[in-house]
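To start, the structure itself, in structure tokens.
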Amino acid sequence: MDVCVKILVAITGASGSGYAQRLLDHLDPKTHALHLVLSRNAETVIASELPGGLRIPDGVAVHQNQDFSAPFASGSNPIDAMVVIPCSMGTLGRMAQGVSDSLLLRAADVVLKERKKLILVPRETPLNLVQVRNFELLLLAGAILLPANPSFYSRPQTVAQVQDTVVARVLDHLGLPHKLAARWRDQAPGMEER
Ligand SMILES: Cc1cc2nc3c(=O)[nH]c(=O)nc-3n(C[C@H](O)[C@H](O)[C@H](O)COP(=O)(O)O)c2cc1C
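Going by numbering that gives the first Met the number 0, the sequence shown opens with residue 0, and the numbers climb by one from there.
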């Protein structure tokens, strides 16, 4: 798998801003060009879920969601991969319908049309038919649907370790090496049974 060079992390107003924090904590701005954009509703959820707010590592370029002058708003200068984490059903629906009225949505539109990697980490339960149809549309358009469904076979002990079971799969799909969560059948002896 190719290693991604230019990565855009997008945070929306779904629950699970801790997943975005863990991803930012594990991306290296010295190795990759890292960009960040937040929806307005993301800020509301971050205020509820992340005491002390979002920690943005040095070297990450932060873009305003209404600033269409960002380089990756154009297909002539796309990013290599965009991760929407967590991804609200509202943003997912707008992406599925090609609504492109914010930088975040325009970037997703560009990533899909330029056949770059779009990794969506939706967080919602249960799902209605509209949402499932939107999932299908985005899959058909080439997006990777990677729901924020943690796994437990690595026996995570902390909330951060639970979050990392999802972030590890995101890093896998970005093609980035990591040791965030034990892989099935790679864990320590005595942890084999499911
Ligand atoms: C604390 C909080 C948690 C929320 N959790 C979710 C969620 O898990 N999934 C979801 O689709 N929407 C969730 N919402 C609703 C979204 O924030 C809302 O639909 C918003 O319009 C999404 O806007 P955005 O996609 O532009 O960020 C939540 C809202 C709040 C205030």
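Backbone N, C-alpha and C fix where the C-beta goes; we use that ideal spot for every residue, glycine too.
Taking 4 residues as the shortest admissible run, the stretch 109–145 contains the following complete alpha helix (DSSP H) segments, listed from N- to C-terminal end: 128–140.
MET88 is the residue among ASP171, GLY141 and MET88 whose C-alpha sits nearest the C-alpha of ASN127. HIS34: member of the beta strand (DSSP E) spanning 32–37, first to last residue.
Around the CB of PHE151, fewer than 16 other CB atoms lie within 10 Å, so the residue is classed as exposed. Between the beta-carbon of LEU119 and that of LEU104 there is about 12 angstroms, and that puts the pair past the 8 angstroms contact cut. Linking ALA106 to ILE78 through their CA atoms gives a straight-line distance of about 8 angstroms. In the structure shown, PRO70 adopts helical secondary structure according to DSSP, grouped into three states. The nearest non-hydrogen atom of ligand 1 is less than 7 angstroms from the C-beta of VAL44. The beta carbon of ASN40 sits closer than 7 angstroms to at least one heavy atom of ligand 1.
Note on LYS116: 16 or more other CB atoms within 10 angstroms of its CB, so buried under the neighbour-count rule.
The criterion of a C-beta distance shorter than 8 angstroms is not satisfied by VAL158 and LEU22.
CA-CA distance, LEU35 to GLN160, rounds to 23 angstroms. Where ALA80 is concerned, there is no enclosing alpha helix (DSSP H), although the beta strand (DSSP E) around it starts and stops at 80–86. For LEU7, the uninterrupted beta strand (DSSP E) run begins and ends at 5–10, by DSSP. In its chain, beyond the 5 residues on either side, PRO28, LEU33 and LEU35 have a beta carbon closer than 6 angstroms to the beta carbon of VAL59. In the DSSP assignment, ALA60 forms a beta bridge with HIS34.
Rounded to the nearest angstrom, the gap between the Cα atoms of ARG184 and PRO70 is 42 angstroms. Taking a 10 Å sphere around the C-beta of ASN64, we find 16 or more other C-beta atoms and assign the residue as buried.
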